[in-house]
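Working notes for the structure below.
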Amino acid sequence: MLITVLALWHWPLSATLADAVTPEMTPAAPVVLVLGDSLSANYGFDTQHGWVTLLAERIAGAGLPHQVVNASISGETTAGGVTRLPALLARHHPAVLLIELGANDGLRGWAVADLRERLTQLVNSGQAAGAQVLLVGVRLPPNYGASYLAGFQAVFGEVAQALAVPLVPNLLQGVDEDWSLMQADGLHPTAAAQVRLLDNVWPILGPLLRGHGHQ
42 MLITVLALWH WPLSATLADA VTPEMTPAAP VVLVLGDSLS ANYGFDTQHG WVTLLAERIA
102 GAGLPHQVVN ASISGETTAG GVTRLPALLA RHHPAVLLIE LGANDGLRGW AVADLRERLT
162 QLVNSGQAAG AQVLLVGVRL PPNYGASYLA GFQAVFGEVA QALAVPLVPN LLQGVDEDWS
222 LMQADGLHPT AAAQVRLLDN VWPILGPLLR GHGHQ
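Here it is, written out as structure tokens:
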């Protein structure tokens, strides 16, 4: 299993640097760079149980050569992602960039138009660096109002369609409506739910890694 985790923890979606699962990396191996928030940063449980770690294991089990770099930070927003991504691209030269950001923008009630603009920047940056980009959306809790929720949920599909990139519509599909799979805060999935998150991502990501994904 080849995975490097670069993850910090802070409010809202508290601060510790996550352990690197493997300190060494294989230079020749293509990189899957995960740019996410706490949903991808092992919030509330050990790194070994997180869906990104499970992703690295699944990749190895499938006989694929890719290594996974987890650059997710708990509390990260699309604005933070836009700031951090250029250095990450320059350092890791990913073959695949998985963008899992936006939840914290939504929890703060930030304008959907701004979310759209920053997601577009992130995708464009990844593509300009030669990476295949996978956009991963989320669904907010129901107490944000129907109009805002509809606009927020739609923006991921709009950006994916406009920029011709594949989309996982909701990372939390099948999880966020089952309270037994959510931590006490109602925002973060439990360790037991992590394989569900991976199963939501893999049908789209797997073909990309095998070289016959979204065109």
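Counting in our numbering, the sequence shown runs from 42 upward without gaps.
Backbone N, C-alpha and C fix where the C-beta goes; we use that ideal spot for every residue, glycine too.
- At the C-beta level, LEU250 and TRP92 stay beyond 8 Å of one another.
- For GLY192, the closest of VAL73, PRO127, GLY150 by C-alpha to C-alpha distance is GLY150.
- By the criterion of at least three beta-carbon pairs nearer than 8 Å, the segment 195 to 210 is not in contact with the segment 228 to 239.
- Judged by their CB atoms, VAL209 and GLY167 are not nearer to each other than the 8 Å cut-off.
- Non-local beta-carbon contacts of VAL123 in its own chain, meaning distances under 7 Å to residues more than five positions away in sequence, involve ARG159, GLN162, LEU163 in chain order.
- The segment 154 to 206 is shown to contain whole beta strand (DSSP E) runs of 3 or more residues at 173 to 177, in chain order.
- In the three-state reduction of the DSSP assignment, PRO71 falls in the coil class, being assigned neither a helical nor a strand state.
- Counted as a single uninterrupted DSSP element, the stretch harbouring VAL216 is not any alpha helix (DSSP H), since DSSP gives it neither H nor E.
- The three-state secondary structure of GLN224, taken from DSSP, is coil.
- The C-beta distance from GLU117 to GLY147 rounds to 13 Å, too long to meet the 8 Å contact threshold.
- One Cα belongs to PRO230, the other to GLY171, and the distance between them is close to 32 Å.
- Annotation for GLN235: the continuous alpha helix (DSSP H) segment containing it runs 235 to 250.
- Judged by DSSP in its simplified three-state form, PRO127 adopts helix.
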